[in-house]
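Protein chains in written order, with the working numbering: chain E, 1 to 939; chain R, 940 to 1371.
Glycine included, every Cβ here is placed at the ideal spot set by N, Cα and C.
First comes the structure, then the notes that go with it.
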Amino acid sequence: MKKALIVIPNLLIMGFILFFIIRYANFKAADSNKNEIASFEKMTMTTNQIIANYLEDEQHLCDIWSNYINGSAQAGTPMTADEAISYIRKAKISQEIEGHLIFLDDPKRAGISTSASISDPDVYTVSYKNINIFDNIENVSDVNDVVNLTRAYTNPTNGVQSIAFLNHVFVYDEEISEIRSGLLMRVVPLSRLEQKLVFLKGEYENVEISLVDKEGNYVVHGKSFKNSNFFEYYKSYNKSSAEEYERVKNEVTGGTGTMIIKNFKGDDCILSYMPLETMNIWFLITYIPEKDLVSSRAIDWMLLGTVILGLLSLLIFNAIILMTYNRKLADAAQQANQANEAKSYFLSTMSHDIRTPMNAILGLNEMVLRESSEEGIKKYSESIRAAGNTLLSLINDILDFSKIEAGKMELINVDYSFVSLLNDLVNMVEKKAEDKGLSLNLDIDEKIPTVLNGDEIRIKQIIINILSNAVKYTKQGSITFSAKAALIGDKQDSIGLRISVADTGIGIKPEDLDRLFVAFERIEEKRNRNIEGTGLGMTIAQSFLDMMGSHLEVKSEYGKGSVFSFEIEQKVIKWDPIGDYEEAFRRSLSERINYHEKFTAPHARVLAVDDTPVNLTVFVSLLKRTGIQIDTAGSGDEGIALYSKNHYDVIFLDHMMPDKDGIETLKEMKELKDTPNDATPIICLTANAISGMREMYTNAGFDDYLTKPINVERLEMMLLQYLPKGKIAPATDDDDMDEFVLPDFLFHLKELDVNSGLNHCGNGESYMLTLKLYHDTAAKNAEEIENYWAAGDIKNTTIKVHALKSTSRVIGALELGEFAARLEKAGDGGDTAMLSKELGELIKRYRALAADLDPLCEGAAPDKDDTRPFIEAGALEEFYKNLGEFCENFDFDSVVNLVESLAGYRIPDDEATRVDAIRKAVDNYDYEMIPGILSGEMG
Amino acid sequence: MKKTLRAFFSLSLAVLLLLPGCGRGEKAEKEFVPKYDRETSFSLTVAGSYGNFESLEAEFERFYEYYPNASLQYVTMDDYNNVISKALIGNEPPDIFTTTGAMVGNEKYKDMFDACEILSDPSLDIDYSCIRSSLIRTNDSGEILMLPIFTTSYGMLVNMDIFEKEGLKVPNNYGELEDVCKALKSAGYESPVMGAVKVSGSGLFNCFSYPMFAYDVIKSGNGAGLLNSFEAGSGEIMRPSLERLSEFIGSGYVDIEKCREEITDEYESVIMRFFEGDVPMMLATGDIVSGTAKRESKSDAFSAKPFKYRFFTAPSGDDGGYFINSISICFSVNKNSKNLDMANEFMRFLISEGELGNMAGLKRLITPVDDFSFDEVYSALADIPDDRSFSDKETGLLDPAVRQFRAAIYAVGNGKMTVDEAITAYGNIPEE
């Protein structure tokens, strides 16, 4: 195809050039031919003149003879025929020319010749009896200088083809003694006339000249004319109608002109004709083969061939050059594609790498927001959420742009509530506007239908972009968001939704308007450097509008504000009008409550597989208030093990995991037969959110996917979609259902900063568990420190002090931790004096704190509030088995993860002791003790 | 002769059909190989009495293929018979010129024949073996000075459409002629037979009577000698043919006056009158037939209503017609030609079965070579039995005797003499 694109236009151009050359050559040839024919006509005229002059001269000589003879007669002394001939014999100069005096009234048309018969020197008589040249003798004029000429005939005295000039003479006939009229003939060999025309041979080699009479009979016969009559010749070799024949006859004998006729070979010949001057009863015809006169080859084939070869060479040369450059371009394009793929890979990686920690940040922050009761903490947490969301928004913009650039962005139309969309928009912007002291005015058409069909997410994204920009670039005044609906022509099922956002911001200079939609361009970068953004917002919005068949309209007055608007067509699903939205929104604001779970599903069971424990913790925490039973697995294999044993209503499977990623895990799960989860929907958890992920995951066999950081609302919506309806129950009004209540005495312990401990441990429950562990291990640790110190083992003493520092900080025993840190530093520095001096104090405070925590272990009856599910017996056995294998393989990271995974379960009483022992061993890094605990030898 | 012609005709046809492009089998002619440098530049003039000689000019063109720098020209000479001898010794003598059988033995042409190249000279390498030997004329020394180019015959043009329309067969003998004429007359054909009657050599009388007379002369043994010498009583040999002519004219089947009025010359008018389409039989020579092809388009009547026509012998004999094959024209070479070698070279080229056949075909005359003309017009001649087929050379008649016979039939035919008077006046019958 690429070659064809080069070759075909080139060939067309070549064809055009050749066509032009041929046309031009033909034009020039036609012009040249026209000139040639005109020259030929001129030659005919010249010939006519020469012939006429010659004939007049000869006739004049004949007339001189006749005048002399007739003068004698008029003078009364007429000459006899012999005397006349004798006179002529003396008068004529040329031997070739003869004078014949004949008497037409003689039956034999006999007379006397100036020359004897060539066959008999004694015979001077001549007879024209059998020579038919006197048909028009009555036309012979007596007037001098009027040419009277015979046709070419054979001179009877010598057999030479001749012509004769005639005049009447009067001679005395002695026999009858009377004056008798005779015809004086000046007989001239035809060759003399032909010699006069020799000049023509130089210019026109094959020209032939004929003289014909009015009937077409030849007076002088051109050798190519096969017939004795020109018109017969014409008729014999030229197919013509009677009318055409007559026309030719009339033309040739009627004037001057040129025509083309066929000769006996069928070749075209140019015929030029005109009446012979001074003898208008005869006509001059000049004839030449057309090929001799005109260029039948209108085109110089040598030139044309050279041009063709030249053009072909040029084409081939150009093709080679183009192909060479094409190859280089193809290489460059390939490199660019590779670079683009690398970019996509980078974006994918970046997405994952940023979103994974963002998941932790925002998820945990969400928990802080939910669970913190301190206003200061909540304020910080809100800031984290705002900053996190901004960061996510930037990432999302880049990823959207990446999708659009790759052409993989697609619109997904769904039915949506327009009010809900408005809520989301206003909720997202209202706070920002308020923060900047801007008033958000709403102008929402009450007649907008309630439920529309379109890509809600993208519409929301477009408007959010515009609104966010309005807020960003407006320092004071207001933002006016308006939405109007109008019917579109005859369409009964759609409306035109017109959205506009007006602000009283900085405005845009007219010259900057065109840059508004250029990717990564930020108008007045210097002035707006403090405003966050990638410069992609408007580009993305415009791209989405393009996909929706619309475009963004911008009206702006620099320094006064801007109006951004667009109109999109949306299908109407429910025509009920939304009513007075602004009023409804204001009312809802006043009734706004904090987060509340959408549902509870205590009988539902979900499996979450992720290699990052903290992600699992976040996942579990986010769903904590739904009461859903959650099993977690730290690897694909672990997930597969649970998959094959337990029934789950939904499985969340992380994509990016070491060893066996989500897709491989899914594949293995699907290959398993007769599992309790054959019909269980499996949803991919991924930090990848760049273009093409949806296709990849659905193609891989996932039922859906959820991006990280996990948005709790999306997570809950997804669960509502996939959980069996029978297991879903309405949410309770008890906001503190799952609140873990810390014992009051903790808040009164001087050594302990509870909030710090909570921060380190994530939640109250974890904190409580951590405190218990701290308490349970305190006696042993203190004893070991003393033993190592007593034994002079500074190194291990320092290690143990280091552990004390860490654990103390985790539980919020910050001062104790600082104390331990100073001694650790002293141990590292070999400062035994200091250790000797203060180690005792440290251990004392350590033990005092442990003693203060004793109440935690008192009455350690099962926690009535513990709503965690009991771990199943099979799962616990699998836990022991895996734990044993990990210990055998010295895979202590997996040991830690596995033990942490138990946090979501309540342990049956008969196994609680063993599990606690395992936890203690892990907390104390006594991994080598675990096999003993598992076998029952220890614990 | 009949069998020979039929066999030849069939064989030739078979060869033509089965072996196109293969020549003529074993008799295939050798291709002409130029004897001289092909680049030789020369010009030749061929003189003759024909007003047109397109078939010869076509040969010029073919000759140019071998000698592209040659220039050949045909010149029509006025009063040819009187002028040719002078022209040969004049300032512009022709290189090749036409001669006729009638010139042989005529003292008037002695100088002309004296100027003729001996074409039988082996050094010239002219292969005239293709020409029917009966048509070859030699001088007293047995030398060939002229080679026939065309031959002719005497007979009649028959409008085949009329015969077909009237359901008649073309007559083979005099009895059938009378029957056919009677039927045609009754069918409204005023003069079933027509022909030129204006001059003594005219077609009608000559074409009807001369073949019969020539046959009688051959059969008479020494008749030709007696007639040539105008021996007293020799005119009796003319009696059967003159009586048959007289009988035919007297039958009323040929309207002499109508012929005189409507056919004004011996050539053009004969053809054009025949093409009017209402003449069942037009007595004519082969020379007249030669002019038919070109004049078909000139005749408005024929163009409007063309018809099929054939040439037959005139059925003047009781047993049938007589086919006399006469020389129409011969070519001789001027031995004084400035380009004698090239003139002989042209003759060497022309005297071949193929070239002579081409010429005869174009001219619509009877070719002198053994390869009888395939022209359909002449196809009926193949049916003439051998004993009634002969050449005029075989008659032994000299031109004066022939002219006297023509004068006799002109006189008898026009009612100026009775048969007896003409026989008695033989040798002194006025000639025009």
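*Looking at the structure shown, is E:Ser313 part of a helix, part of a strand, or coil, going by DSSP?*
E:Ser313: helix per DSSP, three-state reduction.
*asked:* Tell me the rounded alpha-carbon separation between E:His748 and E:Leu814.
replied: Using only the alpha carbons, I get a separation of about 15 angstroms.
*What is the DSSP secondary structure of E:His942, reduced to helix, strand or coil?*
Residue coverage of chain E in this structure runs from 1 to 939, which leaves residue 942 of chain E outside it and unanswerable.
*Could you tell me which of E:Ser806, E:Lys881, E:Ala850 and E:Glu786 sits nearest to E:Leu835, measuring between CA atoms?*
Comparing C-alpha distances from E:Leu835 to each of E:Ser806, E:Lys881, E:Ala850 and E:Glu786 shows the shortest one belongs to E:Glu786.
*asked:* Rounding to the nearest angstrom, what Cα-Cα distance links R:Ala1361 and E:Lys92 in this structure?
replied: 52 angstroms
*So, helix, strand or coil for E:Ala4, using DSSP?*
helix
*If we ignore side chains and look at the alpha-carbon of each, how far apart do E:Ala790 and E:Phe886 end up?*
Distance between the alpha carbons of E:Ala790 and E:Phe886: 35 angstroms.
*asked:* Strictly below 9 angstroms CB to CB, what residues from chain E border R:Gly1230?
replied: Neighbours of R:Gly1230 on chain E: none; closest Cβ ~12 angstroms, over 9 angstroms.
*Burial state of E:Ile316, where buried means 16 or more other Cβ atoms lie within 10 Å*: By the neighbour-count rule (16 or more Cβ atoms within 10 Å), E:Ile316 is not buried but exposed.
*Give the residues of chain E in contact with R:Asp1018, contact being defined as C-beta atoms less than 7 angstroms apart.*
Asn130, Ile131, Thr154 and Pro156
*asked:* Under 8 angstroms, with one C-beta from each stretch per pair, do the segment 424-431 of chain E and the segment 540-556 of chain E reach the 3-pair mark?
replied: no
*Tell me which same chain residues have a C-beta within less than 8 angstroms of the C-beta of R:Leu1027, skipping the five on either side of it?*
Pro1033, Phe1036, Asp1050, Met1051, Ala1054, Asn1273 and Asn1275
*Just the chain E side, please: which residues come within less than 7 angstroms of R:Ile1028 by C-beta, in chain order?*
Ile118 and Ser119
*asked:* So R:Val1022 contacts chain E; which residues on that side make the cut at Cβ distance below 7 angstroms?
replied: Near R:Val1022 (Cβ distances below 7 angstroms), the residues of chain E are Thr154, Pro156 and Gly159.
*List in chain order: all unbroken alpha helix (DSSP H) runs of 4+ residues lying wholly within the segment 190-242 of chain E.*
190-196, 199-203 and 230-237
*asked:* I'd like to know if R:Lys934 contacts chain E, where contact means its C-beta is closer than 8 angstroms to some C-beta of that chain.
replied: An answer regarding residue 934 of chain R cannot be provided, because it is not within the stretch 940 to 1371 covered by chain R.
*Relative to the alpha-carbon of E:Asp776, which residue among E:Met718, E:Leu853, E:Ile630 and E:Phe401 has its alpha-carbon at the smallest distance?*
E:Leu853
*asked:* Quick check on E:Phe16: does DSSP put it in helix, strand or coil?
replied: helix
_Could you check whether the segment 672-680 of chain E touches the segment 631-647 of chain E, counting it as contact only if at least three pairs of C-beta atoms, one from each stretch, sit closer than 8 angstroms?_
yes
*E:Phe264 touches chain R at which residues, Cβ-Cβ below 9 angstroms?*
Ordered by position in chain R, the residues that pass the 9 angstroms Cβ test against E:Phe264 are Glu993, Glu996, Ala997 and Glu1000.
*Determine the direct distance from the alpha carbon of R:Tyr1261 to that of R:Pro1254, and round the result to whole angstroms.*
Rounded to the nearest angstrom, the two C-alpha atoms are 7 angstroms apart.
*For a contact meaning CB atoms closer than 9 angstroms, what does E:Ser191 contact in chain R?*
Asn1030 and Glu1031
*Within its chain, find whatever has a CB closer than 6 angstroms to the CB of E:Lys114; leave out the 5 residues flanking it on each side and keep chain order.*
The amino acid occupying residue 114 of chain E in the given sequence is Thr; Lys does not appear at that position. These residues qualify, in order along the chain: Ile85, Ile88, Arg89, Glu98 and Gly99.
*Report the residue ranges of all beta strand (DSSP E) runs contained in full by the segment 1223-1282 of chain R; include only those spanning at least 3 residues, in chain order.*
Those beta strand (DSSP E) runs which fall completely within the segment 1223-1282 of chain R and span 3+ residues are 1248-1251 and 1262-1272.
_Every unbroken alpha helix (DSSP H) inside the segment 38-98 of chain E [4 residues or more]_ = 81-91
*For E:Arg906, which of helix, strand or coil comes out of DSSP?*
strand
*If E:Leu723 and E:Ala604 are in contact, beta carbons under 8 angstroms, what's the gap, nearest whole angstrom?*
5 angstroms
*Spatial neighbours of R:Glu1115 within its chain, please: CB distance less than 8 angstroms, with the 5 preceding and 5 following residues excluded, ordered by chain position.*
Once the five neighbours on either side are set aside, the close Cβ partners of R:Glu1115 are Lys1108 and Pro1254.
*asked:* Checking 8 angstroms against the spacing of the C-beta atoms, do E:Asn955 and R:Asn1030 come in under that value?
replied: Summary: the structure shown does not reach residue 955 of chain E, with chain E confined to residues 1 through 939, and so no result is reported for it.
*Would you say E:Ser236 faces chain A, with C-beta separation under 8 angstroms as the test?*
Absent here is chain A; the protein component of the structure consists of chains E and R.
_I need the DSSP call for E:Pro862, collapsed to helix, strand or coil._
Annotation note: pLDDT 48 at E:Pro862 (below 50); position unreliable, coordinate value reported separately. In this structure, E:Pro862 counts as coil in the three-state DSSP scheme.
*So R:Asn1045 packs on R:Asp1338, CB below 8 angstroms; how close in whole Å?*
6 angstroms
*asked:* Here's a check: name, in chain order, each residue in its chain whose Cβ is nearer than 6 angstroms to the Cβ of E:Asn796, leaving out the five neighbours to either side.
replied: Within the same chain, E:Asn796 has close Cβ partners Tyr788.
*Quick one, which of R:Glu993, R:Tyr989, R:Val985 and R:Arg1234 has its alpha-carbon nearest R:Ser1010's?*
Nearest Cα to R:Ser1010 within the set R:Glu993, R:Tyr989, R:Val985 and R:Arg1234: R:Val985.
*asked:* For a test of the three-state rule: what should DSSP assign to E:Leu752, helix, strand or coil?
replied: coil
*asked:* Closer than 8 angstroms is the cut-off here; do at least three beta carbon pairs connect the segment 1126-1145 of chain R with the segment 1347-1356 of chain R?
replied: yes
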